[in-house]
Amino acid sequence: MTDSRARDILSRQSELETERCQYEAVWEQVAEFCDPDAPDVWSGPRTGGPDSQAERQERRGSRVYANTINSAANRLAAGLESLIIPQSEKWHGLTTAEMNDEETDEEKEWAEGLRDFLFALRYSANSNFVPATQACLRNVVRYGPAYLYAEEGFGGTLIRYASIPVVEGYLARNRWGQVDIFHRRYERTARQAAQLLGYDKLPARIKMLVDDPAKCETKISLIQCIQPRDERKMYRLSGAYQYLDTAFASYHVIEDEEEIVRESGFRSFPVSTFNWRRYEGDPYGISPTIEALTTVREENAVRRSGLRALQQITDPATASKARLDYVPVLNPGENYPGLIDDNGRPLIQPIATGQNPTYAFNYAASRAEEIRDMMFVNLFQTLVQNPQMTATEALIRQEEKGALLGPSGSIIQAGFASNLDRELGILEDKGLYDEDSRFAPPESLAGKAVRPTFTGPLDVLRRSAEARDTIQVVTTAMQMAQFDPGIMDNIDGDEALKIVQSAGRSPQRIFRRKEEVDGLRDARAKAQTAQAGMAAIASAGKVAKDAVPAAVQARDSGLLDGLQGLLGGQAPAGEAGGQATAVPAAPGQGA
1 MTDSRARDIL SRQSELETER CQYEAVWEQV AEFCDPDAPD VWSGPRTGGP
51 DSQAERQERR GSRVYANTIN SAANRLAAGL ESLIIPQSEK WHGLTTAEMN
101 DEETDEEKEW AEGLRDFLFA LRYSANSNFV PATQACLRNV VRYGPAYLYA
151 EEGFGGTLIR YASIPVVEGY LARNRWGQVD IFHRRYERTA RQAAQLLGYD
201 KLPARIKMLV DDPAKCETKI SLIQCIQPRD ERKMYRLSGA YQYLDTAFAS
251 YHVIEDEEEI VRESGFRSFP VSTFNWRRYE GDPYGISPTI EALTTVREEN
301 AVRRSGLRAL QQITDPATAS KARLDYVPVL NPGENYPGLI DDNGRPLIQP
351 IATGQNPTYA FNYAASRAEE IRDMMFVNLF QTLVQNPQMT ATEALIRQEE
401 KGALLGPSGS IIQAGFASNL DRELGILEDK GLYDEDSRFA PPESLAGKAV
451 RPTFTGPLDV LRRSAEARDT IQVVTTAMQM AQFDPGIMDN IDGDEALKIV
501 QSAGRSPQRI FRRKEEVDGL RDARAKAQTA QAGMAAIASA GKVAKDAVPA
551 AVQARDSGLL DGLQGLLGGQ APAGEAGGQA TAVPAAPGQG A
């Protein structure tokens, strides 16, 4: 029995296929020159099924004479992985800071612990994160769009990842340019469909195929539709409204039966979309391979002509005066009797046209170099091109790499930010933030959102200028402080350290909390105050100790008596002209 919702999904699928067909001709050419193993791209079902991998390689390889673009695309994809999501590094952090506040040290430590847990999940043995992301980056470089699907796992693998082939993905964007509708049109055998969707939910005809051992491997066409729910049910709990259902609905439709066989939902959009560059109104975008396609065709045509010219030299056509009974295959070292006349002249002569394939190969080499430039391969061969490059020149090339790959890198990082939302949504459903979880957030994070801050090599290249200039200013100030110590009063050391830390990937756990730093500084200030007091006491004691002998000496010399006389208004005792001065007699008394 058909379902009106299934008919609506199939109708939209037809519209999405019509919109995507204008890209497929270009994608076919990309696959021919750059991805010979890729499945064919076509609109609608193909009679007889797609060609096998060997047939595709034979068909495409017979028309391809240059492998420059394929090699360059693989190198660029590997370079993007090393710059954006290197396996050996923690290429993003987590932040919870809002516009009107700043993260506390406790919040930073919590976010760092959660980040480490996420990386442990991604790079676990069965998560498939590395193969899936590598396939996505190859698709971005070759075709433009790429799709990473994250789904809930069980057991030791909490999240599983898969790269959806470009040929299977159809999308629609909302008014902000974000993908909110995704259709996946794919094929599975009847047996696989029963494992994926459940045997009881299959239509009767598909069940018959599953039950028949001779027909259980018959391919059936499926469409998975992921779209926002038109209406969501809500309830009120403790004064706050909560949703009863998920934000996005997922439907699996068997195309031939026009029937929905599975319905589920997602809290967050499960498919992260990546692009190299996309213009407004362009749903799928463009890739560097597509931009280089004209030069790729040119190189391929020139190399084909050069090879034909080379064959004319190494294996030229032959001519004979009369029709021979047979024309032997001339192998080196063989003796062919009867092929010379009585005068010793060969009866068969090579046709020399004087072609020189060197010009063709030189021109093809220049086209190959241009392709490498368009694919940014030369940015990853700094030392190969100039082994004698100085450190300053190498640093300039590194900054150039960040400047040229930065715009496309930011678009790719937006896809990984979307994937982070999906990961946190899956883990939240599994109790990530429960009170008994080791990742229960601090109370200060209530109502705050978690978002990524990317710290990969590409981001370090972007922020390295600020850190380098900060270090240079501080170093210059320290040198100037040798002549004027007051110069250092202009430098806030704490802020300078924060700038250098934000430009790198140093973990938060190596830094003390603000309260600890304030406590250390307060204790140091008290110790310095006490030390200054002790020094003052010691200095006063030394002064007192030195003053006692001086007082005794002054007393013995009569200096103290003279001082007392001066303070009392009397003349000092002494001698004037060799005679002592007499003290005046009191009134009424004689001399």
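Quick note, the sequence shown lines up with residues 1 to 591 if you use the working numbering.
In this text, a Cβ means the ideal position worked out from N, Cα and C, and glycines have one as well.
Values in this document were obtained by computation on a predicted structure and should not be read as measured data.
Residue pairing for Ile260: DSSP places it in a beta bridge opposite Val253.
Distance between Ala535 and Asp105, taken at the CA atoms: about 38 Å. In this structure, Leu94 sits near Val450, with a CB-CB distance shorter than 7 Å.
As a beta-bridge residue in DSSP terms, Leu171 pairs with Phe182. When C-alpha distances from Ile510 are compared across Lys498, Arg521 and Gly519, the shortest belongs to Lys498. For the pair Val377 and Asn70, the Cα-to-Cα distance works out to about 12 Å.
As computed with DSSP, Phe380 is found in no beta bridge at all. Counting only residues of its own chain and dropping the five nearest sequence neighbours on each side, Cys216 has a CB closer than 8 Å to the CB of Thr189, Ala190, Arg191, Leu209 and Val210. Phe269 and Leu158 have their C-alpha atoms roughly 17 Å apart. Straight across, the Cα-Cα distance linking Leu222 with Val167 is about 14 Å. With fewer than 16 neighbouring CB atoms inside 10 Å of its own CB, Asp37 falls in the exposed class. Looking at the backbone, the Cα of Leu197 and that of Lys207 are separated by about 12 Å. Under the three-state reduction of DSSP output, Lys90 falls in the coil class, being neither helix nor strand. For the pair Pro549 and Lys526, the Cα-to-Cα distance works out to about 36 Å. The straight-line gap separating the alpha-carbon atoms of Tyr123 and Gln528 is approximately 50 Å. Annotated three-state conformation of Ala319 is strand, per DSSP. Comparing alpha carbon positions, the residue from Tyr161, Leu339 and Lys430 closest to Arg323 is Leu339. In the DSSP annotation of this structure, Gln482 is not part of any alpha helix (DSSP H), being labelled neither H nor E. Rounded to the nearest angstrom, the Cβ distance from Gly456 to Trp91 is 4 Å, consistent with a contact under 8 Å. Per DSSP, Cys225 is one residue of the beta strand (DSSP E) stretching across Lys219 to Pro228. Where Arg451 is concerned, the enclosing beta strand (DSSP E) starts and stops at Arg451 to Phe454.
Non-local beta-carbon contacts of Cys34 in its own chain, meaning distances under 7 Å to residues more than five positions away in sequence, involve Ile69, Asn70, Ala73, Arg142 and Thr289 in chain order.
Look at Ser163 here: in three-state DSSP terms it is strand. One thing to note: Phe266 has its Cβ within 7 Å of the Cβ of Phe248.
Where Phe274 is concerned, there is no enclosing alpha helix (DSSP H), although the beta strand (DSSP E) around it starts and stops at Val271 to Phe274. Taking 7 Å as the cut-off, the Cβ atoms of Ile351 and Pro328 do not count as close. Nearest C-alpha to Ala319 among Leu347, Asp200 and Glu151: Leu347.
Rounded to whole angstroms, the gap between the alpha carbons of Glu263 and Glu428 is 22 Å. DSSP places Glu151 in the uninterrupted beta strand (DSSP E) bounded by Ala146 to Glu152. DSSP places Glu280 outside both helix and strand once states are collapsed to three, so it counts as coil. In the structure shown, Thr529 adopts helical secondary structure according to DSSP, grouped into three states. The beta carbon of Glu112 is closer than 8 Å to those of Gly93, Leu94, Pro507, Gln508 and Arg509 in its chain, skipping five residues each way along the sequence. Annotation for Ala162: Ala132 and Tyr149 place their beta carbon closer than 6 Å to its own, counting only its chain and skipping 5 residues before and after. Check the Cα spacing between Glu231 and each of Thr246, Arg138 and Leu171: the tightest is with Thr246. Short of 6 Å from the beta carbon of Ile286, and not among the five residues preceding or following it, lie these beta carbons of its own chain, in chain order: Gly144 and Arg277. For Gly155 and Pro283, the gap between their C-alpha atoms comes out near 37 Å.
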